[in-house]
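*Asks:* Residue 1 is where the sequence shown starts when you use UniProt numbering, and the numbers rise one by one after that.
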Amino acid sequence: MTCVSPDGFTFTLVLKACSALFAFDIGRQVHGQVFRHGFETDVFVQNGLVAFYAKCGRIGLANVVFDRLSDRTVVSWTSIISGHIQNGQPIEALKIFNQMRKMNMKPDWIALVSVLKAYTDVEDLKHGRSVHACVIKMGLEFETDLLISLTAMYAKCGQVGIARLFFDRVKIPNLILWNAMISGYAKNGHADEALELFRQMITKNLRPDSITVTSGILACAEIGSLELARWMSDYISMTEFRNDAFVNSALIDMFAKCGSVDSARIVFNRAVDKDVVLWSAMIMGYALHGHGQESINLFDAMRWAGVQPNDVTFIGLLTACKNSGLVEEGWQLFCQMNQYGIEPRHQHYACVVDLLGRRGYLERAYKFIRNMPIEPGVSVWGALLSACKIHRHVTLGEYAAEQLFLLDPYNTGHYVQLSNLYASARLWDFVAKVRVLMREKGLSKDMGQSVIEINGKLQAFRFGDKSHPRSNEIFEELANLERRLKEAGFFPHTESVLHDLNDEEIEETLCNHSERLAIAYGLISTPPGTTLRITKNLRACVNCHAATKLISKLVNRVIIVRDANRFHHFKDGVCSCGDYWRNNLHTELFVLMKI
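(1) Take the Cβ of MET447 as the centre, count every other Cβ of all protein chains shown within 10 Å, and call the residue buried at 16 or more, exposed below.
(2) Suppose the cutoff is 6 Å on Cβ atoms and the five residues either side in sequence are ignored; what does the same chain contact list for PHE142 look like?
(3) Within 10 angstroms of its Cβ, does CYS18 collect 16 or more other Cβ (buried), or is it exposed?
(4) Once you ignore the five residues that flank ILE342 on each side, which residues in its own chain have a CB closer than 6 Å to its CB?
(5) When you compare each of MET100, VAL276 and ASN455 to GLY306 by their alpha carbons, which one comes out closest?
(6) Check CYS258 in the structure and name its three-state DSSP category.
(7) Tell me which residues share the same chain as LEU443 and place their Cβ nearer than 6 Å to its Cβ, disregarding the 5 neighbours each side in the sequence.
(8) VAL74 to LYS106, Cα distance in whole Å?
(9) Can you tell me which of VAL416, GLU375, PRO409 and ILE374 puts its alpha carbon nearest to the alpha carbon of LEU385?
(10) Where does PHE490 land, buried or exposed, given buried means 16+ other C-beta within 10 angstroms?
(11) Starting from SER70, trace the beta strand (DSSP E) both ways and give me its first and last residue.
(12) For ASN458, which beta-bridge partners are listed by DSSP?
(13) Which one or two residues does DSSP pair with CYS575 in a beta bridge?
(14) Is the CB-CB distance between TYR286 and LEU278 below 8 Å?
(15) What does the Cβ neighbour count give for TYR422, buried or exposed, with the cut at 16 atoms within 10 Å?
(16) May I ask you to report which of helix, strand or coil DSSP gives THR535?
(17) Tell me whether the beta-carbon of GLY316 lies closer than 8 Å to the beta-carbon of ILE283.
(18) What's the call for GLU363, buried or exposed, on a 16-neighbour Cβ count within 10 Å?
(19) Assess contact between the stretch 563-582 and the stretch 544-555, defined as three or more Cβ pairs (one per stretch) separated by less than 8 Å. Is contact present?
(20) Determine which residues share a DSSP beta bridge with residue 596 and list them.
(21) Measuring straight from C-alpha to C-alpha, what distance separates LEU146 and HIS31?
(22) Go ahead and label SER225 buried or exposed: buried means 16 or more other beta carbons lie within 10 angstroms of its beta carbon, across all protein chains shown.
(23) Let me check understanding here. Comparing Cα to Cα, which of ALA460, ALA425 and SER419 lies closest to LYS445?
(24) For the stretch 373-389 and the stretch 343-363, state whether three or more C-beta atom pairs, one from each stretch, are separated by less than 8 Å.
(25) Could you compute how far the alpha carbon of GLN89 sits from the alpha carbon of SER114?
(26) If we count the other Cβ atoms within 10 Å of its Cβ and call it buried at 16 or more, is ASP42 buried or exposed?
(27) Taking DSSP as the reference, what is the three-state secondary structure of residue 613?
(28) Between which two residues does the alpha helix (DSSP H) containing ASP192 stretch?
(29) Assuming THR530 and ILE560 are in contact, meaning their beta carbons sit under 8 Å apart, how far apart are those beta carbons, in whole angstroms?
(30) For ALA180, which residues of its own chain have a beta-carbon under 6 Å away from its beta-carbon, when the five flanking residues on both sides are left out?
(31) Tell me which residues share the same chain as PHE44 and place their Cβ nearer than 6 Å to its Cβ, disregarding the 5 neighbours each side in the sequence.
(32) Have a look at ASN248 and LEU396 and give me their C-alpha separation to the nearest angstrom.
(33) To the nearest angstrom, how far is the alpha carbon of CYS157 from that of ASP124?
(34) Give me the Cβ distance between ASP563 and LEU538, rounded to the nearest whole Å; I'm assuming they're in contact under 8 Å.
(35) From the DSSP output, read off the bridge partner residues of PHE299.
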């Protein structure tokens, strides 16, 4: 029987097959045969070995083979760069790319695709643009794979307008392309565009994967529309993703952020595979709605089920405690983290500072910060400043603000918080100084906006907004509400208004806040008894919170408001937050309930 010896071409094909099958043990044996037959210096075989080891997750062995190559081709460099990206090491991939350029090795389009993927992973827009320039210089700007990579890079880096230009150039259906664009829209504040593209994808019969579906869910959560959330849930129930744990976790988060924690619990209960991500999502869902005890009870059930918590689980638990005023429970949970081998991160420390600060334990919160084993970050100092504003502790609040200005000097929110602290203490000269400082830095306060969903359609309102076609009716209803509030004994607490205005100006200012306009529009646009669902981009002010409580009783409606921090469920004159979010005796409103 004649034995036929393999050649380099044979080894290359066999290694490619081993890569496709992730057959590491067989591939190792093939590597041995490569040496036995004297192909250890064959560049094509060695490139195949680099690709094989990288595909099987053995990037260290891939590096060994690559380092031994004496005659490296562009394929060699591309293989090792791609290998590091496949193994989640974009920084290493970029270091190798820089070595390649220093050796005057000209990359091909495949190498550029890999490098763009690396810059996408690290969200490095500056260097990603330099690769884009290289693509143009080489005349490769119409190469489909490069168009897809450029779409992904710009979308991931927040440049969705530029990304859309490249997206529209690709005429062939491609799942990676659509995922990049939908995800880019969803994660960069363009939820409407993300959902529109998601719908187009379905109509084009381009089958989505879990990444697509999760991006669509994220967009629904961002919009806050319960009707859209139900549509998305119904769609997923008809697909193979209905039992996907990651997708179900996203659905739980979506329903919670759309104001229906009960719907979130239904998704949780029907899930077959309850992993730590699913449990944590439900715990956080309860936390957002101020159901602290439910979060803790679910955590106990999670432990009984034998599921080990992670750091995200404890973020949910601590958020639940801070939103519900459960100081002792929150502290005990924070101390339990070490029992599970979990090192607290900035978010955990920030929750504890918030928890202590809201209750007025400001010195204890400050001491806690000073004893942190890691440098306190923006979230920690921000929590302390917020607590100082609530309790009018100007000196400590100023110190917290100083730290924030050093760490994050161009964040408008920090300056607004300090200004609010000064205003609550009636230090108007200091308020003016903060405004001057903001102008010098080119900063401006975010405009408040409230969005209400009526019959599946979203309507946005800003302070004093008179642009709506039914504006006259809205302001008539608003005047009617204000009259009924006064008759019921509602008196706005003028000290909480952060402007140096007279009483008449203050009253007009409070009446025109965006959430009041949204409520008035909801009342004239829906049948009696209909629940009103409102999303606000900023935190609700004390006066509007108190007014909304009383309005819910006067008009016999449930009013659900999602502000920048949490949900407030108003019913029969009571809010689900128990007024803990402001928890300051000095800023109580004098509301005499005459009904």
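Glycine residues also receive a C-beta, built at the ideal position from the N, C-alpha and C atoms.
From a predicted model like this one, the values you see are computed outputs, not experimental measurements.
*Replies:* Looking at the coordinates:
(1) Classification of MET447: exposed, given that the 10 Å Cβ count is below 16.
(2) The beta carbon of PHE142 sits closer than 6 Å to no other beta carbon from its chain once the five residues preceding and following it are set aside.
(3) Buried, because 16 or more other Cβ atoms sit within 10 Å of the Cβ of CYS18.
(4) The beta carbon of ILE342 lies closer than 6 Å to those of ASP311 in the same chain, with the five residues before and after it left out.
(5) The shortest Cα separation from GLY306 among MET100, VAL276 and ASN455 belongs to VAL276.
(6) Secondary structure of CYS258 (DSSP, three-state): coil.
(7) Same-chain partners within the cutoff: THR412.
(8) C-alpha separation (whole angstroms): 7 Å.
(9) Relative to the Cα of LEU385, the nearest Cα in the group VAL416, GLU375, PRO409 and ILE374 belongs to VAL416.
(10) Around the beta carbon of PHE490, 16 or more other beta carbons sit within 10 angstroms, so the residue counts as buried.
(11) No beta strand (DSSP E) contains SER70, which DSSP labels as neither H nor E.
(12) Reading off the sequence shown, one finds Leu at residue 458, where the question assumed Asn. LEU458 is bridged by DSSP to GLU453.
(13) CYS575 is bridged to PHE570.
(14) No, the pair does not count as a contact, with Cβ atoms beyond the cut-off.
(15) So TYR422 ends up on the buried side.
(16) In the structure shown, the three-state DSSP call for THR535 is strand.
(17) In contact: GLY316 and ILE283 (Cβ atoms closer than 8 Å).
(18) Exposed, because fewer than 16 other Cβ atoms sit within 10 Å of the Cβ of GLU363.
(19) Yes, they touch.
(20) Only positions 1 to 595 of the chain appear in this structure, which leaves residue 596 out of reach.
(21) So the two alpha carbons sit approximately 33 Å from each other.
(22) Burial call: buried.
(23) Nearest option by C-alpha distance: SER419.
(24) With a cut-off of 8 Å, the stretch 343-363 and the stretch 373-389 count as touching, because enough Cβ pairs lie within range.
(25) Using only the alpha carbons, I get a separation of about 12 Å.
(26) Its Cβ being crowded by 16 or more others within 10 Å, ASP42 is buried.
(27) Since the first and last residues shown for the chain are 1 and 595, residue 613 lies out of range.
(28) For ASP192, the enclosing alpha helix (DSSP H) covers residues 191-203.
(29) With a Cβ gap of about 12 Å, THR530 and ILE560 do not count as contacting.
(30) Here ALA180 has THR151, ALA152 and ALA155 as same chain residues with Cβ atoms under 6 Å from its own Cβ, once five neighbours each way along the sequence are excluded.
(31) Counting only residues of its own chain and dropping the five nearest sequence neighbours on each side, PHE44 has a CB closer than 6 Å to the CB of GLY8 and THR12.
(32) For ASN248 and LEU396, the distance between alpha carbons rounds to 43 Å.
(33) Rounded to the nearest angstrom, the gap between the Cα atoms of CYS157 and ASP124 is 7 Å.
(34) 7 Å between Cβ atoms; contact.
(35) PHE299 pairs with nothing; no bridge assigned.
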